[in-house]
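*Asks:* Protein chains in written order, with the numbering used here: chain L, 1 to 496; chain D, 497 to 992. We treat Cβ as the ideally placed atom computed from N, Cα and C, and that holds for glycine.
(1) Taking Cβ to Cβ, would you say residue 722 of chain D is nearer than 8 Å to residue 757 of chain D?
(2) Buried or exposed: where does residue 148 of chain L fall if 16 or more other Cβ atoms within 10 Å of its Cβ makes it buried?
(3) Let me check understanding here. Comparing Cα to Cα, which of L:313, L:359, L:351, L:348 lies closest to residue 337 of chain L?
(4) Let me confirm a value: residue 357 of chain L is counted as buried when at least 16 other C-beta atoms fall within 10 Å, else exposed. Which label applies?
(5) Determine whether the Cβ of residue 771 of chain D lies closer than 8 Å to any Cβ atom of chain L.
(6) Which residues mark the beginning and the end of the alpha helix (DSSP H) in which residue 109 of chain L is found?
(7) Going by DSSP, what residues sit across from residue 147 of chain L in a beta bridge?
(8) Here's a check: name, in chain order, each residue in its chain whose Cβ is nearer than 8 Å to the Cβ of residue 829 of chain D, leaving out the five neighbours to either side.
(9) Inspect the beta-carbon positions of residue 454 of chain L and residue 846 of chain D and report whether they are closer than 8 Å.
(10) At a Cβ threshold of 8 Å, is residue 65 of chain L touching chain D?
(11) Could you say which of D:891, D:719, D:733 lies nearest to residue 750 of chain D if we only look at CA atoms?
(12) Please name the residues in the region 201–228 of chain L whose beta-carbon is closer than 7 Å to at least one beta-carbon of chain D, in chain order.
(13) State the Cα-Cα distance for the pair residue 638 of chain D and residue 40 of chain L, rounded to the nearest angstrom.
(14) With a floor of 3 residues, list each beta strand (DSSP E) that falls wholly inside the region 308–349 of chain L, ordered by position along the chain.
(15) Which word fits residue 479 of chain L, buried or exposed, when buried means at least 16 other C-beta atoms lie within 10 angstroms of its C-beta?
(16) Is residue 168 of chain L closer than 8 Å to residue 294 of chain L when the C-beta atoms are compared?
(17) Just how far apart, CA to CA, sit residue 753 of chain D and residue 595 of chain D?
(18) Does residue 205 of chain L pass the burial test, meaning 16 or more other C-beta atoms within 10 Å, or should it be called exposed?
(19) Just to confirm, are residue 325 of chain L and residue 368 of chain L a CB contact at a threshold of 8 Å?
(20) What distance in whole Å lies between the Cβ atoms of residue 777 of chain D and residue 785 of chain D, which are believed to be in contact at a cut-off of 8 Å?
(21) Going by beta-carbon coordinates alone, are residue 385 of chain L and residue 228 of chain L separated by less than 8 Å?
(22) Does the distance from the C-beta atom of residue 740 of chain D to that of residue 766 of chain D stay below 8 Å?
(23) Could you compute how far the alpha carbon of residue 469 of chain L sits from the alpha carbon of residue 977 of chain D?
(24) Is it the case that the region 94–108 of chain L contacts the region 418–428 of chain L, given that we only count it when at least three CB pairs across the two stretches are under 8 Å?
(25) Under 8 Å between the Cβ atoms of residue 628 of chain D and residue 699 of chain D?
(26) Which residues of chain L have a Cβ atom closer than 7 Å to the Cβ of residue 625 of chain D, listed in chain order?
(27) With a CB to CB cut of under 7 Å and the five nearest residues on each side skipped, what residues in its chain are close to residue 540 of chain D?
(28) Cβ atoms of residue 432 of chain L and residue 51 of chain L: under 8 Å apart, would you say?
(29) Just curious, the alpha helix (DSSP H) that residue 221 of chain L is in, first and last residue?
(30) Compare the Cα-Cα distances from residue 825 of chain D to each of D:781, D:806, D:685, D:772 and report the closest residue.
(31) Please compile the residues from chain D whose C-beta is within a distance smaller than 7 Å of the C-beta of residue 449 of chain L.
(32) Measure the CB-CB distance between residue 378 of chain L and residue 446 of chain L and report whether it falls below 8 Å.
(33) Between the beta-carbon of residue 615 of chain D and the beta-carbon of residue 563 of chain D, is there less than 8 Å?
(34) Closest Cβ-Cβ distance between residue 668 of chain D and chain L: below 8 Å?
(35) Quick check on the burial criterion: 16 or more other C-beta atoms within 10 angstroms. Buried or exposed for residue 126 of chain L?
(36) Considering only the beta carbon of each residue, do residue 435 of chain L and residue 353 of chain L sit closer than 8 Å?
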């Protein structure tokens, strides 16, 4: 392991040294999307954050089993309806058709952001038996009761017996007992308003339904994550993550269910990503202060002045720590666009840099220290903005070396090689960024080949003082929004 | 509906007029991949074929619910082992990790071939309850029996009671009784060798296992398709499809299970795609007469002389009827490459064709007849090679019109418009082909913009008799494997 890893643990509210249950292996569960509508930009931020965490854990040498579920049933809304069947009724489709449509859309979006698929992607509807088994275990342990075909988790008894209810969300038990979001539902069946359903009897017109020992019905929303994480990662595993908004009631109840069924906590470390804002305010559909990923990519929104590519949006996300609120602004995105290009262009120059045969110097030490720090800061609770800041200090060095303002004689071949590998590791392996029509040296195939030809034609036109041709090239490239940049290591190009 | 549709029905061995159960709607089930290894080229052909069928049914105006499953459990091998858990043991992975890896790979491959995702993509492991329910129904109907925790379908009783066993595969019942592939397994538990498992008791080390009324075990392979098609499409639906190799025992047993559980046949029309050969012989791993999709795309195989793009391979597939054997040869692929380019280039010329203000003539009638025929032939059991042949007769007309060998005065504006829309409909909507770096007028964005500039620079170099520059352009494009073609409607380009 290259660095000791520290993680901000929501369960203890402390930054803790990470210690895996099994040396060299990590089990990580992340609450995935509910597939009844298009994935929103807040979800994207959460899954991009956990993708970087997943990638970094693998970079540290761990073998990671990353489980991220698809919620295709059982998400109870305030109206006591199942979100999936609600969506299905609106669209007049079979619920699984709705789930498929938005699952495909979600996967496409995750690919656009170049995130890795998780190791296992279990579906809630695919684990009804496991959920029924878990309900039975909780009943057997005396912590749930059946009423009218539904089964409720007995929060009062659990809170009395095991002093952990409220620990994760930091809520006091008395507050919990009045605050739960479904405290007005099925009031008459519950022993106490804070009790929550782990199995729901289906009404006659409810289309998602399965046989169970208690009724034809469906599992409560919180149950699926308890059942699926236990199945694929064991009763206690390393990391459980999700968006901040899931802390309560979802994760709090997940913890309760696992204690109730298995007698132990599900995860040692709980990691929560923070929310998005736009222009300093909470994103909200009702007052129009919202933006979709597609709008960001096309520029079709009153909140932004232009389109931003997926990699620019991803870069923008990485410039905030996952645990901090991220404020989307047009200015912030413009800066991210410049930053992304600056980083990628510097890497192209760097990868072309030849052996220096220089010797160790103050500069050499400085460059190595910056690289060390970048990794240390990633190991300090996955601090992407701090690590990125170190990379940009290195970008300045690279540009100065390339322009001849710093001397190649002052850095060793080993340092150049380490710098090359560090940049590729951070850009491609850890951050998961892609080249987006940035040449020369990028991975664009044909466009890059054509640009090489055009750059040569431009050069020979200039040499021959054929201003007509060089003007023609300049104007056409401008029209195509392509910028060409001449430097010591050759000419590079990029596209707006 | 534009044409009456005829389908070759494997169940009756006749080409029949297609009549949907519900006007305007079609339910279609296709047996999907077993995700324990990379998808092979034969699977790709099957799913490309059904994608074209799906697209054509939608083109005809039907609302199609297309269900294609993922088999992630229950495929019994000759050794009586479950293929999924076998793969998992080899890879030392959780079976669902193996399933996820190959599901993602399968989806990526389907995207490379530009097939549409099905409406619903159910997983076998996601429908254990439904399978258990179906086993119970078959037992209740007296057509299955339990032995030592496993449940077997009683083929003898079924064959006696309902005279349909063997109908689909065309096998005689006496042959069936000795021929089944698992006739030597669990011999002692079965009443007769031809009986097949619909529920299997899991041995202690079997990792895929669920509670059931009979044992902790797993469903028989054939059962999942019966249970999932019934759930999503109803007891009897319109079309059930798959590869020819699935006819027996898989589909024959599926029919038996549906009759046994629901008392009726599952599908009205059974459609089977035929097998692939290579160089006139059966593809076979053991004698090296095999090729993977990746090898086709990279050219890294002793059986081919160069790489073929996914669209060329897809075009090659469409040049045979889905019901015919398709023989993969290097020559055939080379011809397909030429054909694909010829078709796409003609369409670029066509879409640029201006209003003719011509009048109806023999040529005009001929063009309209060819278009009518192309659609009629697609409606004749989805005959892609015949429809394609009509398109190529039209390509000749388009090229002749473009070169001035046929006169624009002989075709009306309406015909030109219909021709444009017919070509786009066939190429993009029905065949699902994509532009692959074919310009100008393609959908390639930046590469196309750069090629436009290069073509202009080439033109002005020629005009100025600047042979140095025009040679430089010619050589560079050759190196990039780009062909430029000058025509009356402008210059187009394509890439090898």
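*Replies:* Here's the rundown:
(1) For this step, residue 722 of chain D is matched to residue 226 along the second chain. For this step, residue 757 of chain D is matched to residue 261 along the second chain. A distance below 8 Å separates the beta carbons of residue 722 of chain D and residue 757 of chain D.
(2) Taking the first chain and counting its residues from 1, one reaches residue 148 of chain L at position 148. The residue is exposed, with fewer than 16 neighbouring Cβ atoms inside 10 Å.
(3) Position 337 of the first chain, counted from the start, is the residue given in the question as residue 337 of chain L. Between residue 337 of chain L and the set L:313, L:359, L:351, L:348, the nearest pair of CA atoms involves L:313.
(4) As a working mapping, residue 357 of chain L is identified with position 357 in the first chain. Taking all protein chains shown into account, residue 357 of chain L has fewer than 16 neighbouring C-beta atoms within 10 Å of its C-beta and is therefore exposed.
(5) Taking the first residue of the second chain as 1, we reach residue 771 of chain D at position 275. Not an interface residue.
(6) Walking along the first chain from the start, residue 109 of chain L turns up at place 109. Where residue 109 of chain L is concerned, the enclosing alpha helix (DSSP H) stretches over 95–112.
(7) Indexing the first chain from 1 puts residue 147 of chain L at position 147. Its beta-bridge partners are L:150.
(8) Residue numbering aside, residue 829 of chain D sits at position 333 when the second chain is read from its first letter. Once the five neighbours on either side are set aside, the close Cβ partners of residue 829 of chain D are 792, 800, 804, 808, 809, 812.
(9) Along the first chain, read from residue 1 onward, the residue named residue 454 of chain L stands at position 454. Along the second chain, read from residue 1 onward, the residue named residue 846 of chain D stands at position 350. No, they are not a contact pair.
(10) Within the first chain, residue 65 of chain L is the residue found at index 65, counting from 1. Proximity of residue 65 of chain L to chain D, defined by a Cβ-Cβ separation below 8 Å, is satisfied.
(11) Working through the second chain from its first residue, we reach residue 750 of chain D at position 254. Looking at D:891, D:719, D:733, the one whose alpha-carbon comes closest to that of residue 750 of chain D is D:719.
(12) Flagged, chain order: 210, 211.
(13) For the purposes of this step, residue 638 of chain D is identified with residue 142 of the second chain, where counting begins at 1. For the purposes of this step, residue 40 of chain L is identified with residue 40 of the first chain, where counting begins at 1. Roughly 51 Å between the two C-alpha positions.
(14) Segments of the beta strand (DSSP E) lying fully in the region 308–349 of chain L: 326–328.
(15) As a first step, residue 479 of chain L must be located in the first chain, where it is residue number 479. By the 10 Å Cβ count, residue 479 of chain L comes out exposed.
(16) The sequence position of residue 294 of chain L within the first chain is 294, counting from 1. The sequence position of residue 168 of chain L within the first chain is 168, counting from 1. With respect to the 8 Å criterion, residue 294 of chain L and residue 168 of chain L are not classified as neighbours on the basis of their beta carbons.
(17) Position 257 of the second chain, counting from 1, holds the residue named residue 753 of chain D. Position 99 of the second chain, counting from 1, holds the residue named residue 595 of chain D. Looking at the two C-alpha atoms, the distance is approximately 26 Å.
(18) For the purposes of this step, residue 205 of chain L is identified with residue 205 of the first chain, where counting begins at 1. The residue is exposed, with fewer than 16 neighbouring Cβ atoms inside 10 Å.
(19) The sequence position of residue 325 of chain L within the first chain is 325, counting from 1. The sequence position of residue 368 of chain L within the first chain is 368, counting from 1. No.
(20) In the second chain, residue 785 of chain D corresponds to position 289, counting from 1. In the second chain, residue 777 of chain D corresponds to position 281, counting from 1. Sure, about 5 Å apart at Cβ, within 8 Å.
(21) Here residue 385 of chain L corresponds to residue number 385 of the first chain, with the count starting at 1. Here residue 228 of chain L corresponds to residue number 228 of the first chain, with the count starting at 1. Cβ atoms of residue 385 of chain L and residue 228 of chain L: not closer than 8 Å.
(22) Taking the second chain and counting its residues from 1, the one referred to as residue 740 of chain D is at position 244. Taking the second chain and counting its residues from 1, the one referred to as residue 766 of chain D is at position 270. Between residue 740 of chain D and residue 766 of chain D, the C-beta gap is not smaller than 8 Å, which leaves the two residues out of contact.
(23) What you label residue 469 of chain L is simply residue 469 of the first chain in a count that begins at 1. What you label residue 977 of chain D is simply residue 481 of the second chain in a count that begins at 1. Going from the Cα of residue 469 of chain L to the Cα of residue 977 of chain D covers about 25 Å.
(24) Flag = no, the region 418–428 of chain L and the region 94–108 of chain L do not touch.
(25) Taking the second chain and counting its residues from 1, the one referred to as residue 628 of chain D is at position 132. Taking the second chain and counting its residues from 1, the one referred to as residue 699 of chain D is at position 203. No, the pair does not count as a contact, with Cβ atoms beyond the cut-off.
(26) The sequence position of residue 625 of chain D within the second chain is 129, counting from 1. Neighbours of residue 625 of chain D on chain L, chain order: 128, 129, 210, 211.
(27) Mapped onto the second chain, residue 540 of chain D falls at position 44. Cβ neighbours of residue 540 of chain D within its own chain (closer than 7 Å, five residues either side excluded): 605, 609, 789.
(28) Numbered from its first residue, the first chain carries residue 51 of chain L at position 51. Numbered from its first residue, the first chain carries residue 432 of chain L at position 432. Yes, the Cβ-Cβ distance between residue 51 of chain L and residue 432 of chain L is below 8 Å.
(29) Locating residue 221 of chain L in the first chain gives position 221, where the first residue counts as 1. First-last of the alpha helix (DSSP H) with residue 221 of chain L: 221–233.
(30) The count along the second chain starts at 1 and reaches residue 825 of chain D at position 329. Residue D:772 holds the alpha-carbon nearest to the alpha-carbon of residue 825 of chain D among D:781, D:806, D:685, D:772.
(31) As a working note, residue 449 of chain L is residue 449 in the first chain. Going along chain D in sequence order, the residues near residue 449 of chain L (Cβ under 7 Å) are 976.
(32) On the first chain, residue 378 of chain L is found 378 positions in, with the first residue counted as 1. On the first chain, residue 446 of chain L is found 446 positions in, with the first residue counted as 1. No; because the gap between Cβ atoms is not below 8 Å, this pair is not in contact.
(33) Start at 1 with the first residue of the second chain, and residue 615 of chain D comes out as number 119. Start at 1 with the first residue of the second chain, and residue 563 of chain D comes out as number 67. A contact, by the Cβ cut-off of 8 Å.
(34) On the second chain, position 172 is the one that residue 668 of chain D refers to. Answer no: the Cβ-Cβ gap between residue 668 of chain D and chain L never drops below 8 Å.
(35) Counted from its first residue, the first chain places residue 126 of chain L at position 126. So residue 126 of chain L ends up on the buried side.
(36) Along the first chain, one-based indexing puts residue 435 of chain L at 435. Along the first chain, one-based indexing puts residue 353 of chain L at 353. No, they are not a contact pair.
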